[in-house]
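A.B. asks:
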Amino acid sequence: MKKTLALLCTVLASTSVFAKTNVVIYGDDSYPPYSYVDSGRMTGIYTVVLERIFSKMPEYNVTIKGVPWKRGLLEIEGGKSFALYPPYKRPEQRPYMEYDMSILDEKLVVVCQKSVLSSPKPNWPGDYMGLTIGNNSGFSAGGDEFRAAVKSGKIKLSETKGTPKNLLKLIAGRVDCYMNDALSIQWELKKLQKEGKYNGQSLVEGATISSEQGFLGIATKAGKFPFKDDFKSQYHKILSEMKASGEVDQIIQKFVK
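What the sequence shown shows, in mature numbering (1 follows the signal peptide of the UniProt record, and there is no 0), is residues -19 to -1, 1 to 238, in sequence order.
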């Protein structure tokens, strides 16, 4: 009996030592090719990079789940979730997330109906006054001057969930232009063209809005997440190593070929 109890204690102790911490990470479910759901599972450039990182963190059992972007923001703001990807760095607008190390660089552009850009419009947002601009719901894009123009009524903002729906609105002429990451727009237009929903000619890229960086936004308040500091330390170390080795670039290239 004593031997049995001793063996049981040893097994329990061993189990507690090697028990993994369960962590749920949420990602935008409609931002191809960066972060999206395909055949019921999350994928995309950010998703694959993060999966690769988490596979190198044996103390953690990380589950990635897709979420509509606005809901994801509300949940992390309300302290319900630990981390969300891929926010841009907006510490004043979103102080409830920490932005310590970027994953990727993105280039934000505006794409418009060809008729809107019949004359060049290289200056953002000055050349776009009086137009209706599409945007992904919950995306904080465009810059301070753009937001001021929207507030004053000089530009109309029309928000819809996800890149595909926004581009279909633009193709249908329900908005004049749409702003988002250049690669995301190119990716989705190719897909829409293959599906016969875009003729490949009616849209033209306009001004470059800004260069942005995407992050894994981690909850500022650590109360419900006592593992936060250790998780961050390991995450940053591995991400830094993957960037230096070219592993992140290799993942990007697999998606854009």
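For every residue, glycine included, the Cβ atom is placed at its ideal position computed from N, Cα and C.
This one's a predicted model, so the numbers in the text were calculated from it and none came from an experiment.
For Gly107, count neighbouring Cβ atoms within 10 angstroms of its own Cβ and tell me buried if that reaches 16, exposed if not.
C.D. replies: The sequence position of residue 107 within the sequence shown is 126, counting from 1. Result: exposed.
A.B. asks: Threshold first: 3 residues or longer. Then list the beta strand (DSSP E) segments lying entirely within the stretch 156 to 194, N to C.
C.D. replies: Taking only runs of at least 3 residues, the beta strand (DSSP E) segments lying wholly in the stretch 156 to 194 are 158 to 162.
A.B. asks: Is DSSP giving Ser100 helix, strand or coil here?
C.D. replies: As a working note, residue 100 is residue 119 in the sequence shown. Of the three classes helix, strand and coil, the one that applies to Ser100 here is coil, per DSSP.
A.B. asks: What is the residue span of the alpha helix (DSSP H) that Ala225 lies within?
C.D. replies: Within the sequence shown, the letter at position 244 stands for residue 225. Its alpha helix (DSSP H) spans residues 209 to 226.
A.B. asks: Quick one: what's got a C-beta closer than 7 Å to Lys88's C-beta in the same chain, skipping five residues either side?
C.D. replies: For the purposes of this step, residue 88 is taken as residue 107 along the sequence shown, with counting starting at 1. Closer than 7 Å at the Cβ level, and outside the excluded window around Lys88, lie Asp162, Ala163, Thr189, Ser192.
A.B. asks: Return the CA-CA distance between Trp168 and Leu220, expressed in angstroms with no decimal places.
C.D. replies: By 1-based counting over the sequence shown, the position of residue 168 is 187. By 1-based counting over the sequence shown, the position of residue 220 is 239. The alpha-carbon atoms of Trp168 and Leu220 are separated by roughly 25 Å.
A.B. asks: Would you mind working out which of Pro13, Asn3, Tyr7, Ala(-1) sits nearest Thr144, comparing C-alpha positions?
C.D. replies: To locate residue 144, count along the sequence shown from 1; it is residue 163. Ranking the options by Cα distance to Thr144, first place goes to Pro13.
A.B. asks: Just verifying my parser: in three-state terms, what is the DSSP assignment at residue 268?
C.D. replies: Residue 268 cannot be examined here, being either before or after the span of the chain that is shown, -19 to 238.
A.B. asks: Between Ile45 and Met78, is the Cβ-Cβ spacing less than 8 Å?
C.D. replies: In the sequence shown, residue 45 corresponds to position 64, counting from 1. In the sequence shown, residue 78 corresponds to position 97, counting from 1. Not a contact, by the Cβ cut-off of 8 Å.
A.B. asks: Using alpha carbons as the reference points, say which of Val43, Ile26, Val185, Ser16 lies closest to Ile6.
C.D. replies: Translated into positions along the sequence shown, residue 6 becomes position 25. Nearest option by C-alpha distance: Val43.
A.B. asks: Return the Cβ separation of Gln215 and Ser83 in integer angstroms, given the expectation that the two are a contact with Cβ distance under 8 Å.
C.D. replies: Within the sequence shown, residue 215 is the residue found at index 234, counting from 1. Within the sequence shown, residue 83 is the residue found at index 102, counting from 1. Contact doesn't hold; Cβ gap of about 17 Å is too wide.
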